[in-house]
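**Q** Can you keep this structure in mind? I'll have questions shortly.
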Amino acid sequence: MSIDHKKNQRDIAVGAAANYGGFLFRLSVRIPFLFLAGMLFGAEHYGEYVFATSFIEAIGVLCCLGFKRSIFGFLEESDLYKDPREAAKLLMACWKLTLIAALGFACLVFVFAESIANFLNLPEVA
């Protein structure tokens, strides 16, 4: 069984396009809510909301550890694509590592919530 690099690249390109399309869809769904939240809550609370959303999105990216892009490279470069059970083991290990990283970041944010709020000059948030 040979690897079809062109098909793999095509599949990755389709996946990237779907990911970008999903981002645009999420953004388009969020825009009306952002306008409504800005009008209802005022500029200060709206800014806090946007900061919190951005913070959570950034932590989410860090928790993925780049596995979205690199996992297919790991599978293609190794012999794991020949045995579905071995590929599943690799995917499960990546999932566990990502879950541990997410829990670690959540614990850090929980422990340092007051320090983060004081740094941002928002002690009422903590």
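Quick note: to get my numbering, add 680 to the position in the sequence shown (first position is 1). Backbone N, C-alpha and C define an ideal beta-carbon position, used for all residues, glycine too.
Give the range of the alpha helix (DSSP H) segment to which Asn798 is assigned.
**A** Residue 798 sits at position 118 when you count from the first residue of the sequence shown. Its alpha helix (DSSP H) spans residues 793-799.
**Q** For the putative contact between Cys744 and Phe785, defined by C-beta atoms under 8 Å, what is the C-beta separation to the nearest angstrom?
**A** What you label residue 744 is simply residue 64 of the sequence shown in a count that begins at 1. What you label residue 785 is simply residue 105 of the sequence shown in a count that begins at 1. Wrong, their Cβ atoms sit about 11 Å apart, outside the cutoff.
**Q** Report the rounded CA-to-CA distance for Ser795 versus Ala738, giving the unit in angstroms.
**A** For this step, residue 795 is matched to residue 115 along the sequence shown. For this step, residue 738 is matched to residue 58 along the sequence shown. Roughly 19 Å separates the two Cα atoms.
**Q** My output table needs one value for Val804: the three-state DSSP class, helix, strand or coil.
**A** Here the question's residue 804 lines up with position 124 in the sequence shown. In the sequence under discussion, the amino acid at residue 804 is Glu, which differs from the Val named in the question. Coil at Glu804, not helix or strand.
**Q** How big is the Cα-Cα spacing for Ala773 and Leu788?
**A** In the sequence shown, counting from the first residue as 1, residue 773 sits at position 93. In the sequence shown, counting from the first residue as 1, residue 788 sits at position 108. So the two alpha carbons sit approximately 23 Å from each other.
**Q** Between Ala698, Phe752, Gly727, which lies nearest to Leu800 when the distance is taken from Cα to Cα?
**A** Sequence index remark: in the sequence shown, residue 800 carries index 120 (1-based). When each option's Cα is compared against that of Leu800, the closest is Gly727.
**Q** What are the boundary residues of the alpha helix (DSSP H) that Lys762 is part of?
**A** Within the sequence shown, residue 762 is the residue found at index 82, counting from 1. Element bounds for Lys762: n/a, residue is neither H nor E.
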